[in-house]
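Counting with my numbering, you get residues 1151 to 1229 for the letters of the sequence shown.
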Amino acid sequence: MGYTGNRFPNWQGNLFAGGLVSRDIRRLELNKSGEIINQEAIPIGQRVRDVRQSPDGFLYLLTDEGNGQLIRLEPPSNL
1151 MGYTGNRFPN WQGNLFAGGL VSRDIRRLEL NKSGEIINQE AIPIGQRVRD
1201 VRQSPDGFLY LLTDEGNGQL IRLEPPSNL
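Now the structure itself:
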């Protein structure tokens, strides 16, 4: 999923993918040529099945643990 929202301005244009085995989401920063120049693992502690951006710019994660969850990521309040 490519991020285009404004809730996380530093992440605009970054790609996000869920990790089932790694139990995290991966943020991939790309250069203008589309090459990965940075990768960050954001620990979630659950198997992340899907990552989506909502129209209001928040990121939502869907997990597939026993009682799967829908998790909304929000920027820190000090941003």
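We treat Cβ as the ideally placed atom computed from N, Cα and C, and that holds for glycine.
C-alpha distance - residue i paired with residue j, whole-angstrom precision
i: leucine 1220; j: glutamate 1185; result: 30 Å
i: serine 1172; j: aspartate 1200; result: 13 Å
i: isoleucine 1232; j: arginine 1177; result: With the chain represented from 1151 up to 1229, any question about residue 1232 goes unanswered, as that position is not in the structure.
i: leucine 1212; j: asparagine 1160; result: 23 Å
i: glycine 1152; j: glutamine 1196; result: 22 Å
i: glutamine 1203; j: serine 1183; result: 23 Å
i: glycine 1155; j: aspartate 1214; result: 25 Å
i: isoleucine 1175; j: isoleucine 1192; result: 5 Å
Given residue i as reference, the closest of the options once Cα atoms are compared
i: asparagine 1181; options: Arg1222, Gly1216, Gln1162; result: Gln1162
i: proline 1225; options: Ser1183, Leu1212, Asp1206, Leu1170; result: Asp1206
Coil, strand or helix - residue i by DSSP
i: proline 1159; result: helix
i: tyrosine 1210; result: strand
i: glycine 1152; result: strand
With 16 other Cβ atoms within 10 Å as the buried cut-off, status of residue i
i: tyrosine 1210; result: exposed
i: glutamine 1189; result: exposed
i: asparagine 1164; result: buried
i: glycine 1216; result: exposed
- [ ] Quick one: which unbroken beta strand (DSSP E) runs of 3-plus residues sit fully inside the segment 1161 to 1207? Chain order, please.
- [x] 1165 to 1169, 1174 to 1180, 1186 to 1193, 1198 to 1203
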